[in-house]
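Student: Below is one structure. I have some questions about it.
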Amino acid sequence: MPSLARLAALLGGLVFCASSMATDIDVESYGFPLANPFEATIATTPPELRPALPKDGDINQRDYAVRIRPDREFELLANFWPVTKLQYRLAQQKGRAPLIFIIAGTGAHYATGTNEYLKKLFYGAGFHVVQLSSPTSYDFMAAASRFATPGYSPDDADDLYRAMQAVRAQHPHLEVSDFMLTGYSLGALHAAFVSQIDETRRAFDFKRVLLLNPPVNLYTSISNLDKLVQTRVQGIDNSTNFYDLVLGKLTRYFHDKGYLDINEAMLYDFQQSTEKLSDEQMAMLIGTSFRFSAADIVFTSDLLNRRGLITPRGYRITEGTSLTPFFQLALRCDFDCYIAEQLMPMWRARYDGGSLNQLIDQTSLYALENYLQNTDKVAVMHNADDLILGPGDIGFLRRTFGERLTLYPRGGHCGNLNYRVNSDAMLEFFRG
Numbered sequence: 350m351p352s353l354a355r356l357a358a359l360l361g362g363l364v365f366c367a368s369s370m371a372t373d374i375d376v377e378s379y380g381f382p383l384a385n386p387f388e389a390t391i392a393t394t395p396p397e398l399r400p401a402l403p404k405d406g407d408i409n410q411r412d413y414a415v416r417i418r419p420d421r422e423f424e425l426l427a428n429f430w431p432v433t434k435l436q437y438r439l440a441q442q443k444g445r446a447p448l449i450f451i452i453a454g455t456g457a458h459y460a461t462g463t464n465e466y467l468k469k470l471f472y473g474a475g476f477h478v479v480q481l482s483s484p485t486s487y488d489f490m491a492a493a494s495r496f497a498t499p500g501y502s503p504d505d506a507d508d509l510y511r512a513m514q515a516v517r518a519q520h521p522h523l524e525v526s527d528f529m530l531t532g533y534s535l536g537a538l539h540a541a542f543v544s545q546i547d548e549t550r551r552a553f554d555f556k557r558v559l560l561l562n563p564p565v566n567l568y569t570s571i572s573n574l575d576k577l578v579q580t581r582v583q584g585i586d587n588s589t590n591f592y593d594l595v596l597g598k599l600t601r602y603f604h605d606k607g608y609l610d611i612n613e614a615m616l617y618d619f620q621q622s623t624e625k626l627s628d629e630q631m632a633m634l635i636g637t638s639f640r641f642s643a644a645d646i647v648f649t650s651d652l653l654n655r656r657g658l659i660t661p662r663g664y665r666i667t668e669g670t671s672l673t674p675f676f677q678l679a680l681r682c683d684f685d686c687y688i689a690e691q692l693m694p695m696w697r698a699r700y701d702g703g704s705l706n707q708l709i710d711q712t713s714l715y716a717l718e719n720y721l722q723n724t725d726k727v728a729v730m731h732n733a734d735d736l737i738l739g740p741g742d743i744g745f746l747r748r749t750f751g752e753r754l755t756l757y758p759r760g761g762h763c764g765n766l767n768y769r770v771n772s773d774a775m776l777e778f779f780r781g
């Protein structure tokens, strides 16, 4: 893995390449305090620099479920019975208002932290909001995915579009003035493909689409995150593993604080303490989180398709079956393994696919370059130090989006989404 200095130098160089039409925010005027991209990714924005948001009790919201694939009710194993219907969350304004769909990032459930933050931000500004799980989450794979093999972006977006249509049909009396769309991380990539689908199907005719920290080259992004797991971490040997090390730090931190309170603000405060994680430890933590998401995809896709790669064909799984041995096996299969053993065979069989490079081109923003250059409804907000970007990615964004790209100098991967400057910019974009 390249050192942080090397990564920073690479990304810093990319900021100055290609066109200067994008809105580049300089460090001094931006004011985001975390210069370390690993720290920003984990701790996000200091609490005092976040926007004021409505409390849960002040939001008219409810969870719903919609049946998208009735056949799954008979196909799914017993342990998947809770997700035969796709669940989502709707926050509803009184009367007519624009509606924003939010697509979650890799492996994320519709009610995870970033989706909740964005919901509160947009609801407080007067929007209806629908929160959707990622096509890479086990619940979406089970309830809404046709092939339950996420990673081919056109298919994932098509599944999302069908789900969004089903959600809309389930609320015929919801008064909507305009439809908007956003997503963060992988969800931002999906939002771009969904927007392109809508240009021909016109079920929503999205007025504005905002991509928050999207991968440009999907394969580069997942490779960057996968490599973080291989980081060499000081203090870890045959008798001490990474989790013991982090748990020890957290234990000492809470002992010094005198109370236990785990929340987003705690993560920032933790990184200001003497127990703060080093760059290598933060890299390992980020990479491990991604590896768990990848393992969930590997396990769920194999199980739903009865491929026999993780769970033996014909093996009877009930509600009481321990899934731990299978999940441990899935953890040994990184994303390259998933692509080789599950995604590419499916893609080749269904679409007469060819090489890995062809798959990469078809699943990344490259495939939408012409569309994205010629539509004024789609914009991007990204960070120059984002961990998922690779060489040439910022140049692609500049050429493709021009002045519709806002490039922040700091924030890591989605670490500044809850910064007041960013939240104000998001609301300004959607208000037009």
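Numbering (the working numbering), first residue to last: 350 to 781. The beta carbon of each residue, even a glycine, is placed where N, CA and C say it ideally should be.
#1: Please work out which residues of its chain come closer than 6 Å, Cβ to Cβ, to ARG399, disregarding the five sequence neighbours upstream and downstream, and give them in chain order.
#2: Which residues share a DSSP beta bridge with ASN732?
#3: Would a C-beta distance cut-off of 8 Å place PRO499 and ASP505 closer than the cut-off?
#4: Classify GLY536 as helix, strand or coil using the three-state DSSP reduction.
#5: Reducing DSSP to helix, strand and coil, say where ASP699 ends up.
#6: For ASP507, which of helix, strand or coil comes out of DSSP?
#7: Look at the alpha carbon of ILE451 and the alpha carbon of ALA515, and state the distance between them as a whole number of angstroms.
#8: Could you give the first and the last residue of the continuous beta strand (DSSP E) run that contains GLN436?
#9: Put PRO396 into one of helix, strand or coil per three-state DSSP.
#10: How would you label LYS443, buried or exposed, when you count the other beta carbons within 10 angstroms and need 16 or more for buried?
#11: Can you name the residues that DSSP bridges to VAL558?
#12: Between the beta-carbon of TYR487 and the beta-carbon of TYR459, is there less than 8 Å?
#13: With DSSP as the reference, identify every bridge partner of ASP373, one or two as the case may be.
#14: Starting from LEU481 and walking both ways along the beta strand (DSSP E), at which residues does that stretch end?
#15: Are MET513 and ILE449 touching if we call contact CB-CB under 8 Å?
#16: By the three-class DSSP mapping on this structure, what secondary structure does PHE591 have?
#17: How about LEU761 and THR390: do their beta carbons lie closer than 8 Å?
#18: Could you have a look at PHE489 and say whether DSSP puts it in helix, strand or coil?
#19: Out of curiosity, what's the CA-to-CA distance linking ARG411 and VAL543?
#20: Would you call THR589 buried or exposed, if buried means 16 or more other Cβ atoms sit within 10 Å of its Cβ?
#21: Could you tell me the alpha carbon to alpha carbon distance between LEU736 and ILE546, rounded to whole angstroms?
#22: Buried or exposed for ASN765, please, with buried defined as at least 16 other CB atoms from any protein chain shown within 10 angstroms of its CB.
Tutor: By the coordinates alone:
#1: ASN767
#2: Residue pairing by DSSP puts ASN732 in a beta bridge opposite TYR757.
#3: A contact, by the Cβ cut-off of 8 Å.
#4: helix
#5: One point to set straight first is that residue 699 is Arg, not Asp, in the sequence displayed. Helix, per DSSP.
#6: Residue state, collapsed to three classes: helix.
#7: 15 Å
#8: 435 to 440
#9: When DSSP states are grouped into helix, strand and coil, PRO396 belongs to the helix group.
#10: exposed
#11: LEU530, VAL727
#12: No, they are not a contact pair.
#13: LEU756
#14: 477 to 481
#15: Contact flag unset, no.
#16: A caution first: PHE591 carries a pLDDT of 48, below 50, which makes its placement in the model unreliable, though a value can still be read off. Helix, per DSSP.
#17: Checking the sequence shown, residue 761 turns out to be Gly, not Leu. Result yes, Cβ atoms of GLY761 and THR390 sit closer than 8 Å.
#18: helix
#19: 24 Å
#20: Only weak support exists for where THR589 lies, its pLDDT of 48 falling under 50; the coordinates are left without a value.
#21: Counting only the Cα atoms, ILE546 lies some 28 Å from LEU736.
#22: It is buried - the Cβ of ASN765 has at least 16 other Cβ atoms within 10 Å.
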